[in-house]
Structure formats: C-alpha cells, structure tokens
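Colleague:
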Amino acid sequence: MCKDGFKIVNPPWVYGPSEVKEWIDASYPTRKERRRGREKHDKPLENLRISFDFKGKKRELSNLFLRVVFKPFGLNKVEEGFDSVAVAETLLRGFARAGFRNVVEIVVDKNVVYRHPEKQYDLRQTIELFKDYKDRGCGRVELKVMFEGNCTVYTVVRKTHRLSRHAVELVFNGRIERERVRRFLNYVTKHLEVEMFADKWFRHSP
Numbered sequence: 001m002c003k004d005g006f007k008i009v010n011p012p013w014v015y016g017p018s019e020v021k022e023w024i025d026a027s028y029p030t031r032k033e034r035r036r037g038r039e040k041h042d043k044p045l046e047n048l049r050i051s052f053d054f055k056g057k058k059r060e061l062s063n064l065f066l067r068v069v070f071k072p073f074g075l076n077k078v079e080e081g082f083d084s085v086a087v088a089e090t091l092l093r094g095f096a097r098a099g100f101r102n103v104v105e106i107v108v109d110k111n112v113v114y115r116h117p118e119k120q121y122d123l124r125q126t127i128e129l130f131k132d133y134k135d136r137g138c139g140r141v142e143l144k145v146m147f148e149g150n151c152t153v154y155t156v157v158r159k160t161h162r163l164s165r166h167a168v169e170l171v172f173n174g175r176i177e178r179e180r181v182r183r184f185l186n187y188v189t190k191h192l193e194v195e196m197f198a199d200k201w202f203r204h205s206p
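Using this note's numbering, the first residue of the sequence shown is number 1, and each one after it goes up by one.
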C-alpha cells in the first residue's frame, strides 16, 4: 500500500507458477475452452416458456366485494388496454424476423380463421389476414407457428384475464436455436411495451 492509499497490484510475473498459469488461462483461454464456450452459447433451447405482461394500467372488472375476496389469490379479472389482434400481428412479425415461415393455425375468439399446416411459407401472407379483425374488440387470439418441423410455438393473447395469468403466453414445443429466440424477443420488446417472464435457466443464459 503506497502513501496515497492506492493498493499496488503485482504484475503476473511476480507471482508463483500456479498463479501465473491461472492468469494466462483467464486471459488467453485455450482453443478447447473457447470451443466449449461457443457450444454452450449455441446449445439449442428446448421446451421454452415465455410470458408477457403489458405496462400501464389495467381495468379491474370485478366488483368491490369480489376484488377484496379474490385479490389475495390473483383471481380478479382485468382488462388490458391493447388490441389483441394488433398484438398478435406484432408477434407474427417477430416470428418472421426470427426465421419462422409456417403458420399452422389462427383462432380469434374461439373461431378458427386460418388453418393450413401443409403450407410451409405462409407466415408473411397470413399477417395480412389481421386487417379484417383489427378494431373489432376481439378478446383472445391464439397462434400456432412452426419452425421447420423442429419447433412448434403455441401462443395465446388475452385482452381479459385473471391477475394470476399473463396477457401473452408462449410455449415452445421442441428445440430451437437460442439466437432465433433472441431475434424474436428483440423485435417484440422494441415494438411493444411489455415485461417479459421466461424460464429461469433462459433468463440467466449467455
């Protein structure tokens, strides 16, 4: 410790052989270690679950008595301020940005408006279908999107839901590259004011 209170850190060559080896390994990882790091980063995700809640106020639909009774259990119903069809359209555009090509099914308020699992490159065309459903006050939209037969994503957008549930929920059934998920999430969070909830192991992954 010098007189000005600064701690003097010895250069690596002042330490013993073991300390020097640790410093070299940390500063200049071997090819095997670099490959191991890339493999961990590139490892496909499997059966991922992601949810979104929208920022802003929600309108409570329960009366005062039910609010008091149900609030501790998260059973109060709320209504979001978004257009569920517009949100679903944004999600589809996010899937397209991530490289998805096939929309298997679209359900609006329990009515099947599109179902073509045999088509492999129809995602961008199906986005145009939403023009006929915007501003109709639709409460629920369900999407089933597939990526090259390896991963199917089941998505539900709820305008009205219980506090214990999320407004948007996505279930990835199968394996998909980590980078594709990040592209999708980057697009969604850029165009929608949402808070994301995901599996813990995904949130803390590199």
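Glycine included, each C-beta is placed from N, C-alpha and C at the ideal position.
Treat the numbers as computed from the prediction; the structure is a model and nothing was measured.
(1) Between residue 90 and residue 192, is the Cβ-Cβ spacing less than 7 Å?
(2) Write down the C-beta distance between residue 83 and residue 131 rounded to the nearest angstrom, noting that I regard them as a contact closer than 8 Å.
(3) Once DSSP output is grouped into helix, strand and coil, what is the label at residue 76?
(4) So, with DSSP's three-state summary, where would you put residue 184?
(5) DSSP three-state label for residue 164, please.
(6) Over the uninterrupted beta strand (DSSP E) stretch that includes residue 198, give me the two end residues.
(7) Mind reading off the beta-carbon distance from residue 178 to residue 45? Whole number of angstroms is fine, and I expect it under 8 Å.
(8) Whose C-alpha, out of 145, 108, 77, is nearest the C-alpha of residue 102?
(9) Reducing DSSP to helix, strand and coil, say where residue 174 ends up.
(10) Classify residue 118 as helix, strand or coil using the three-state DSSP reduction.
(11) Measuring only the C-alpha atoms, how far is residue 116 from residue 181?
(12) Identify whether residue 45 lies in helix, strand or coil by the three-state DSSP scheme.
(13) With 16 as the cutoff for other CB atoms within 10 Å, does residue 149 come out buried or exposed?
(14) For residue 139, tell me which candidate among 168, 98, 122, 114 has the shortest Cα-Cα distance.
(15) With H, G and I counted as helix, E and B as strand and the rest as coil, what does DSSP make of residue 144?
(16) Less than 8 Å between the CB atoms is what I'm expecting for residue 47 and residue 186, so what's the real figure, rounded?
Modeller: So, from the listed chains and residues:
(1) yes
(2) Incorrect: roughly 12 Å between the Cβ atoms, too far for contact.
(3) coil
(4) helix
(5) coil
(6) 194 to 198
(7) 6 Å
(8) 145
(9) strand
(10) coil
(11) 24 Å
(12) strand
(13) exposed
(14) 168
(15) strand
(16) Actually they are not in contact, since the Cβ atoms of residue 47 and residue 186 sit about 21 Å apart, beyond 8 Å.
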